[in-house]
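Q: Those protein sequence lines, which keep their order, are chains A and B.
Numbering-wise, full-length UniProt numbering puts 2 at position 2 of the first sequence, and it's gapless, one number per residue.
Numbering-wise, full-length UniProt numbering puts 239 at position 239 of the second sequence, and it's gapless, one number per residue.
Mind looking over this structure? Questions follow.
There are 2 protein chains.
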Amino acid sequence: MPELIRITDPADPRLADYVGLTDMELRKRTEPESGLFIAEGEKVIQRAVAAGHPMRSMLLSDKWLPLMTPVLEETGATAYVGSPRLLEEVTGFHVHRGALAAMQRKPLPEPAAVLDGARRIVVLEGVNNHTNVGAIFRGAAALGMDGVLLAPDCADPLYRRSVRVSMGTVFAIPWTKLEPWPQALDLLAEHGYRRIALTPAPDAVDLRELRLAKTEKAALFLGSEGEGLSPRAFAACDLKVRIPMAAGVDSLNVAAAAAVACYALAD
Amino acid sequence: MPELIRITDPADPRLADYVGLTDMELRKRTEPESGLFIAEGEKVIQRAVAAGHPMRSMLLSDKWLPLMTPVLEETGATAYVGSPRLLEEVTGFHVHRGALAAMQRKPLPEPAAVLDGARRIVVLEGVNNHTNVGAIFRGAAALGMDGVLLAPDCADPLYRRSVRVSMGTVFAIPWTKLEPWPQALDLLAEHGYRRIALTPAPDAVDLRELRLAKTEKAALFLGSEGEGLSPRAFAACDLKVRIPMAAGVDSLNVAAAAAVACYALAD
Chain A
1 MPELIRITDP ADPRLADYVG LTDMELRKRT EPESGLFIAE GEKVIQRAVA AGHPMRSMLL
61 SDKWLPLMTP VLEETGATAY VGSPRLLEEV TGFHVHRGAL AAMQRKPLPE PAAVLDGARR
121 IVVLEGVNNH TNVGAIFRGA AALGMDGVLL APDCADPLYR RSVRVSMGTV FAIPWTKLEP
181 WPQALDLLAE HGYRRIALTP APDAVDLREL RLAKTEKAAL FLGSEGEGLS PRAFAACDLK
241 VRIPMAAGVD SLNVAAAAAV ACYALAD
Chain B
1 MPELIRITDP ADPRLADYVG LTDMELRKRT EPESGLFIAE GEKVIQRAVA AGHPMRSMLL
61 SDKWLPLMTP VLEETGATAY VGSPRLLEEV TGFHVHRGAL AAMQRKPLPE PAAVLDGARR
121 IVVLEGVNNH TNVGAIFRGA AALGMDGVLL APDCADPLYR RSVRVSMGTV FAIPWTKLEP
181 WPQALDLLAE HGYRRIALTP APDAVDLREL RLAKTEKAAL FLGSEGEGLS PRAFAACDLK
241 VRIPMAAGVD SLNVAAAAAV ACYALAD
């Protein structure tokens, strides 16, 4: 049986992993430092466990115990059980999904390891919004991409909102940071990847005209919605493509643009 | 010069249009009833005005007056000016985008009028999330769709969040409600539209295999992320298509799926 510890004091120091979950600035600092991330809801927690992330503990209300008992038994993690109100006091929000798990990060793979095993990958630069990062992962995973490489200025894929929006696909698709930036960009050419920048620039090739051989390795570069890719990232690419847009419309959301481009690149 | 009225009392009855903007249940009832919607931020307000929506009034802080004066002069609307704190007290949230406009709805066109002028349209059923509706509009407009028809169970495209996420494209692309539902679905066949249902069903045609003649009229049916299209909507379609998915991934977000399908349908 998993160890159950009933909590009545929201200041209980054993709940330190769960304090102030809505304070993004705080969590952005503390989570990577302590090798922690938070998974919420049954499916996402199960996917994190299945991907080999050790569970530090779980925080949940009584109602969710029966549903979560199998994963608690599998991991042997301690479960802190409290009222919905206590959960809200600790975390700063009403925990709709009933259960939160404090999970241990794993060392990120080397970029070369992601590139070696892949044929179609996504490279993100400047995508600093957690919702967009999660949505891009979900689309990339669904549409058959084999990996994601992130410039250091991107939002953390393991931040709670990224994980949730990704529907747990951050645990399914190999990813890592591309560091040191921008020098590590050279790896793409060394590994034989054709580097394709997505841009709204009118002189770019229409995405519909892009033809890739099935065996060809390709890396799709995506920048932030506002700024787009940096000159350095463009310089590392050998082709610019654009999604054909109707007159008078500025742009697609970056996650929608990513999905369209991944669809076009997949085979 | 536009009329400027300085407001210091958050209970001022002249601000009735702006009260409780974060209370979605309240606004969902009151806005359509009184023919009102709220546009926020310079670009979106300008697009609403450009689309011919009369402005009932504007609520803004001093800092935003210079930027908004041209559109106030153009419309002749009264501007209520208050401190950022007053704006927050009235509306229930911190108004990042500085200016809110209470706009007048216009009568929706008949579905036949949308169908007549179009060649590629989107039909939404059960998409009851405002963010998704806004994102679908943005994608449909950017990717060259000519119109959107909504079943009565969809979220309001003129609700504040829909408008914002759509980047104002709800004012650019013709749309209306498809009523009476489901009888009005017959209009699509009568107007010569090929009706294409997007579904994850494995027996559906791979979207990549879909070939449409340039002159062919086509309607893309999209359901909600959870439930999908109803049997009635499927019955009104003559073809099912699916986006090819990688193994082990459930689905795309409905807005990403919509963007991919609109891209594939456009020419």
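Cβ atoms here follow ideal geometry from the backbone N, Cα and C, with glycine treated the same way.
For clarity, every value in this text was computed on a predicted model and none was experimentally measured.
1. Residue range of the alpha helix (DSSP H) that G134/B falls in?
2. Whose C-beta lies closer than 6 Å to the C-beta of A266/A among residues of the same chain, with five residues either side of it excluded?
3. Under 8 Å between C-beta atoms, does L198/A make it to chain B?
4. For S251/B, which residues in chain A fall below 9 Å Cβ to Cβ?
5. Could you give the distance in angstroms between the alpha-carbon of P244/B and the alpha-carbon of K43/A?
6. Would DSSP call E40/A helix, strand or coil?
7. Once DSSP output is grouped into helix, strand and coil, what is the label at R195/A?
8. Enumerate, from N- to C-terminal direction, the unbroken beta strand (DSSP E) stretches of 3 or more residues contained entirely within the UniProt domain "tRNA/rRNA methyltransferase SpoU type" (121-263) of chain B.
9. Among residues of its own chain, excluding the 5 on either side of P182/A, which ones have a beta-carbon nearer than 6 Å to its beta-carbon?
10. Counting only the same chain and skipping the five closest in sequence on each side, list residues whose C-beta sits under 8 Å from that of A257/A.
11. At what residue ranges does the stretch 39-123 of chain A contain a whole run of the alpha helix (DSSP H), taking only runs of 4 or more?
12. Roughly how many whole angstroms lie between the Cα atoms of E73/B and D153/B?
13. Taking the beta strand (DSSP E) that L4/B belongs to, which residues open and close that run?
14. At which residues does the alpha helix (DSSP H) containing P32/B begin and terminate?
15. Do you know whose CA, among D206/A, R138/A, R194/A and P10/A, lies nearest R119/A's CA?
16. For D12/A, which of helix, strand or coil comes out of DSSP?
17. Determine whether the beta carbon atoms of G92/B and W64/B lie at a separation below 8 Å.
18. Secondary structure at L265/A, three-state DSSP: helix, strand or coil?
19. Go through its chain and collect everything with a Cβ distance to V165/A's Cβ below 6 Å, but skip five positions before and after it.
20. Using a C-beta cutoff of 8 Å, does M245/A count as contacting chain B?
21. For T75/B, which residues in the same chain have their Cβ closer than 7 Å to its Cβ, ignoring the five residues on either side in sequence?
22. Just confirm the distance between the C-beta atoms of A155/A and V127/A, as a whole number of angstroms; I'd bet it's less than 8 Å.
23. If you check the beta carbons only, do E225/A and V254/A fall under 8 Å apart?
24. Can you tell me whether V205/A is buried or exposed? The criterion is at least 16 other CB atoms within 10 Å of its CB, across all chains shown.
25. For H96/A, does the count of other Cβ atoms within 10 angstroms reach 16, so buried, or fall short, so exposed?
26. Let me know if D23/A comes out buried or exposed under the rule of 16 or more other beta-carbons within 10 Å of its beta-carbon.
27. Determine the chain A residues that contact A213/B at a beta-carbon separation under 7 Å, and present them in chain order.
28. Is it a yes or a no for the stretch 173-188 of chain A touching the stretch 101-109 of chain A, going by three-plus beta-carbon pairs under 8 Å?
29. Pull up the CB-CB distance for L100/A and I38/A, whole angstroms please, since I reckon it's below 8 Å.
30. Is the CB-CB distance between residue 269/A and M58/A below 8 Å?
31. Quick check on this structure: which residue in T78/B, A51/B, Q46/B and H53/B has the alpha carbon closest to the alpha carbon of R14/B?
32. In whole angstroms, give me the CA-to-CA distance for G35/B and L21/A.
33. In chain B, which residues lie less than 7 Å from A255/A when you measure between Cβ atoms?
34. When the distance is taken between beta carbons, is C237/A closer than 8 Å to I196/A?
35. Please list the partners that G248/A has in chain B, where partner means a Cβ-to-Cβ separation under 7 Å.
A: Taking the definition as stated:
1. Mapped onto the second sequence, residue 134/B falls at position 134. Here the alpha helix (DSSP H) through G134/B covers H130 to A142.
2. Here residue 266/A refers to the residue found at position 266 of the first sequence. Correct list, in chain order: L143 and G144.
3. Numbered from its first residue, the first sequence carries residue 198/A at position 198. Judged by the 8 Å Cβ criterion, L198/A is not in contact with chain B.
4. Here residue 251/B is taken as the residue at index 251 of the second sequence, counted from 1. By Cβ distance, chain A contributes R138, A142 and M167.
5. Along the second sequence, one-based indexing puts residue 244/B at 244. Along the first sequence, one-based indexing puts residue 43/A at 43. Their backbone Cα atoms lie some 23 Å apart in a straight line.
6. Stepping through the first sequence from its first residue, residue 40/A is reached at position 40. Correct three-state label for E40/A: strand.
7. The sequence position of residue 195/A within the first sequence is 195, counting from 1. Of the three classes helix, strand and coil, the one that applies to R195/A here is strand, per DSSP.
8. 147-150, 175-177, 194-198, 218-222 and 239-242
9. Position 182 of the first sequence, counted from the start, is the residue given in the question as residue 182/A. Once the five neighbours on either side are set aside, the close Cβ partners of P182/A are R232.
10. The residue you call residue 257/A lines up with position 257 of the first sequence. Hits under 8 Å: L198, L222, I243 and S251.
11. 42-50, 65-75, 84-91 and 111-116
12. As a working note, residue 73/B is residue 73 in the second sequence. As a working note, residue 153/B is residue 153 in the second sequence. Whole-angstrom Cα-Cα distance: 38 Å.
13. Walking along the second sequence from the start, residue 4/B turns up at place 4. Here the beta strand (DSSP E) through L4/B covers L4 to R6.
14. If you number the second sequence from 1, residue 32/B lands on position 32. Looking at the DSSP string, the run of the alpha helix (DSSP H) that includes P32/B is M24 to S34.
15. If you number the first sequence from 1, residue 119/A lands on position 119. Closest option to R119/A, Cα to Cα, is R194/A.
16. For the purposes of this step, residue 12/A is taken as the residue at position 12 of the first sequence. Coil, per DSSP.
17. What you label residue 92/B is simply residue 92 of the second sequence in a count that begins at 1. What you label residue 64/B is simply residue 64 of the second sequence in a count that begins at 1. Not closer than 8 Å, so no.
18. The sequence position of residue 265/A within the first sequence is 265, counting from 1. Three-state DSSP puts L265/A in a helix.
19. Within the first sequence, residue 165/A is the residue found at index 165, counting from 1. Answer for V165/A: T131, G134 and A135, listed in chain order.
20. Indexing the first sequence from 1 puts residue 245/A at position 245. M245/A counts as touching chain B.
21. Reading the second sequence from its first residue, position 75 is the one you call residue 75/B. Cβ within range, chain order: V49 and M55.
22. By 1-based counting over the first sequence, the position of residue 155/A is 155. By 1-based counting over the first sequence, the position of residue 127/A is 127. Rounded, the Cβ-Cβ distance is 6 Å, consistent with contact.
23. As a first step, residue 225/A must be located in the first sequence, where it is residue number 225. As a first step, residue 254/A must be located in the first sequence, where it is residue number 254. A contact, by the Cβ cut-off of 8 Å.
24. As a first step, residue 205/A must be located in the first sequence, where it is residue number 205. Classification of V205/A: exposed, given that the 10 Å Cβ count is below 16.
25. Translated into positions along the first sequence, residue 96/A becomes position 96. Looking at its Cβ environment, which holds fewer than 16 other Cβ atoms inside 10 Å, H96/A is exposed.
26. The count along the first sequence starts at 1 and reaches residue 23/A at position 23. D23/A is exposed by the Cβ-count criterion.
27. Mapped onto the second sequence, residue 213/B falls at position 213. Chain A residues near A213/B: none, gap ~16 Å exceeds 7 Å.
28. yes
29. For this step, residue 100/A is matched to residue 100 along the first sequence. For this step, residue 38/A is matched to residue 38 along the first sequence. Sure, about 6 Å apart at Cβ, within 8 Å.
30. Nothing in the structure corresponds to residue 269/A, since chain A is present only between 1 and 267.
31. Start at 1 with the first residue of the second sequence, and residue 14/B comes out as number 14. It is T78/B.
32. Residue 35/B sits at position 35 when you count from the first residue of the second sequence. Residue 21/A sits at position 21 when you count from the first residue of the first sequence. In a straight line, the C-alpha of G35/B is about 39 Å away from that of L21/A.
33. Position 255 of the first sequence holds residue 255/A. Residues of chain B passing the Cβ test: A256.
34. As a working note, residue 196/A is residue 196 in the first sequence. As a working note, residue 237/A is residue 237 in the first sequence. Yes, these two residues count as a Cβ contact at 8 Å.
35. Taking the first sequence and counting its residues from 1, one reaches residue 248/A at position 248. Those are A172, listed as they occur along chain B.
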